[in-house]
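29 is the number of the first residue of the sequence shown in this note's numbering; add one for each residue after it.
For every residue, glycine included, the Cβ atom is placed at its ideal position computed from N, Cα and C.
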Amino acid sequence: IKKAKPDLICVQNKLGESSFQRLGCNVAHVPNGVDLDRFRPITAVHRQALRIRYGLDTARPVVLHVGHLEAARNLKILAPLVETGIQVVIAGSLYMGTNSNLIDELEAAGFYLFKGFQPQIEELYQLADCYVFPPQPGNSLSMPLSVLEAMACNLPVVTMRFSGLESAFIPGRGLILVDKPEQMLRQVQQMIYSPHTVQTRQMVSPYSWQAIAGLLMDHYQALTTDKQKMLRLETGD
29 IKKAKPDLIC
39 VQNKLGESSF
49 QRLGCNVAHV
59 PNGVDLDRFR
69 PITAVHRQAL
79 RIRYGLDTAR
89 PVVLHVGHLE
99 AARNLKILAP
109 LVETGIQVVI
119 AGSLYMGTNS
129 NLIDELEAAG
139 FYLFKGFQPQ
149 IEELYQLADC
159 YVFPPQPGNS
169 LSMPLSVLEA
179 MACNLPVVTM
189 RFSGLESAFI
199 PGRGLILVDK
209 PEQMLRQVQQ
219 MIYSPHTVQT
229 RQMVSPYSWQ
239 AIAGLLMDHY
249 QALTTDKQKM
259 LRLETGD
């Protein structure tokens with residue numbers, strides 16, 4: 029990093045910010061952004077129609093996770109939810125390889141697996157009642173994109189505690205951060221079966237693609253302005 033001497037390093041959390049600052053780098057906090065036009069809430073009637081289209085029971089709640097089908101995602105801890113009658117849906121990408129044993133275990137446990145690329149992934153968010161993100165910190169991004177996409181659809185979200193999420197959001201209004209995987213199961217059931225005010229779309233709206241692009245543009249313009257000032261000082265203009 030010191031040899032490359034970048035003009036600016038963009039990070040997603042305070043840990044990355046402090047680490048690069050200790051190296052003497054110029055650092056800016058730039059979080060993930062989300063497409064609020066594509067990922068949006070739908071009506072209850074539309075939700076039921078989507079469940080029929082995807083072969084799900086319209087009378088039972090649906091919990092969703094989107095991510096790689098690998099052991100590090102900690103997906104098996106969700107199995108007790110299936111035993112309570114909740115439909116656990118996993119939209120799992122395969123581009124990092126196929127874990128046949130894990131797939132067999134999840135299917136045997138009663139998970140609904142949608143494997144590979146899903147061109148209309150927003151529909152799986154929209155048909156769900158709750159989104160879960162069980163990977164331990166260190167096995168995913170500090171600000172997981174799928175969490176933002178679920179929030180954009182105004183889903184309640186139960187996730188492990190990630191530094192990027194803590195920096196961006198105050199928990200509540202449908203966003204639950206947990207420290208242990210076993211806490212996740214209880215919180216998911218409370219979200220589904222107990223009335224809660226959910227305002228996760230409102231919480232994530234400042235992180236639209238347009239807003240993040242504007243933030244990057246501001247940083248770029250500040251850099252070019254500083255460069256121009258330095259050049260004028262060096263040339264005496």
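I'd like to know whether the C-beta atoms of residue i and residue j end up nearer to each other than 8 Å.
| i | j | result |
| --- | --- | --- |
| L43 | A56 | no |
| F139 | V175 | no |
| L97 | I131 | yes |
| C158 | I220 | yes |
| T86 | Q217 | no |
| E150 | K104 | no |
| M188 | Q215 | no |
| Y153 | L183 | yes |
| Q238 | R201 | no |
| P162 | P209 | yes |
Between which two residues does the beta strand (DSSP E) containing residue i stretch?
| i | result |
| --- | --- |
| A56 | V55 to H57 |
| K104 | K104 -> no beta strand (DSSP E), and no H or E assigned at all. |
If you draw a straight line from the C-alpha of residue i to the C-alpha of residue j, how long is it?
| i | j | result |
| --- | --- | --- |
| A241 | D254 | 20 Å |
| V73 | V90 | 15 Å |
| A99 | I118 | 13 Å |
| L155 | L78 | 6 Å |
Strictly by DSSP, which residues pair up with residue i?
| i | result |
| --- | --- |
| L205 | T187 |
| I37 | V55 |
Would you identify the three-state DSSP class for residue i, choosing helix, strand or coil?
| i | result |
| --- | --- |
| Y235 | helix |
| G299 | With the chain running from 29 to 265 in the structure shown, residue 299 is simply not present. |
| H96 | strand |
| G192 | helix |
| L43 | helix |
| Q115 | strand |
| G200 | strand |
| F142 | strand |
| Y123 | coil |
What residue range is occupied by the uninterrupted alpha helix (DSSP H) comprising residue i?
| i | result |
| --- | --- |
| Q76 | A72 to R81 |
| Y153 | I149 to Q154 |
| V175 | L173 to A180 |
| L134 | S128 to A136 |
Quick check: does the Cβ of residue i come within less than 7 Å of any heavy atom belonging to the ligand GTP?
| i | result |
| --- | --- |
| L205 | Ligands are entirely absent from the displayed structure, and the ligand GTP is therefore not among its contents. |
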